[in-house]
């Protein structure tokens, strides 16, 4: 049986490149994105399921995972890639922008991971990769929100590594800079 990877934020950048790479290597790919019309050259590729998912929309997470399981039977790997950086002086951010930054980069990552874990635990196998940043290890001016989220991703990834290792699930964080 082909292995399957579930990717958040697959419409551009690392998510798009990863979807293409895994598909070319013969994997099944569940490529999720907020706007599936942005799937571009992923559309029509063999073993590719493009599905709508905004990681801040908790009502859609289970549906996207279920669509992947229905189509491919299992999910072997998760790439938590959805995210963005908000930069500027903290006092200039509205409550809504602060929440949106953390909801996308941290809470969404946790909710997708939480939803996929039962499938991996049942099989006692899986790999989860969280896209982080050098911004999760050092800070730069005007990056309070972004750095705060990426420090959280680093800490969550390390804690989950220890929590999941005994059940056969590998947890990694990847710095893209």
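Numbering (our numbering), first residue to last: 53 to 229.
Glycine included, C-beta positions come from ideal geometry on N, C-alpha and C.
Since this is a predicted model, take the numbers as computed values, not measurements.
Cβ separation of residue i and residue j, assumed to be a contact under 8 Å, to the nearest whole Å
i, j, result
"residue 133", "residue 185", "Contact doesn't hold; Cβ gap of about 12 Å is too wide."
"residue 142", "residue 196", "5 Å"
"residue 202", "residue 187", "4 Å"
"residue 116", "residue 103", "5 Å"
"residue 220", "residue 176", "4 Å"
"residue 161", "residue 182", "6 Å"
"residue 61", "residue 140", "Not a contact, Cβ separation roughly 22 Å."
"residue 70", "residue 169", "No, residue 70 and residue 169 are not in contact; Cβ-Cβ is about 20 Å, not under 8 Å."
"residue 90", "residue 105", "About 13 Å; that fails the 8 Å criterion."
"residue 79", "residue 93", "Not really, about 17 Å apart at Cβ, beyond 8 Å."
"residue 174", "residue 189", "Not quite, the Cβ-Cβ distance comes to about 34 Å (not below 8 Å), so this is no contact."
Residue range of the unbroken alpha helix (DSSP H) whose run includes residue i
i, result
"residue 60", "Note, residue 60: premise wrong, no alpha helix (DSSP H); not H, not E."
"residue 148", "147-154"
The beta strand (DSSP E) enclosing residue i, as first and last residue numbers
i, result
"residue 225", "221-227"
Beta carbon of residue i nearer than 9 Å to that of residue j
i, j, result
"residue 82", "residue 57", "yes"
"residue 172", "residue 159", "no"
"residue 198", "residue 153", "yes"
"residue 101", "residue 74", "no"
"residue 167", "residue 114", "yes"
"residue 225", "residue 215", "no"
"residue 129", "residue 55", "yes"
- Item | Segments of 3+ residues assigned as beta strand (DSSP E) that fall wholly inside the segment 159-206 | 178-184
- Which whole runs of the beta strand (DSSP E) in the segment 82-133 are 3 residues long or more, in chain order? 100-104 and 129-132
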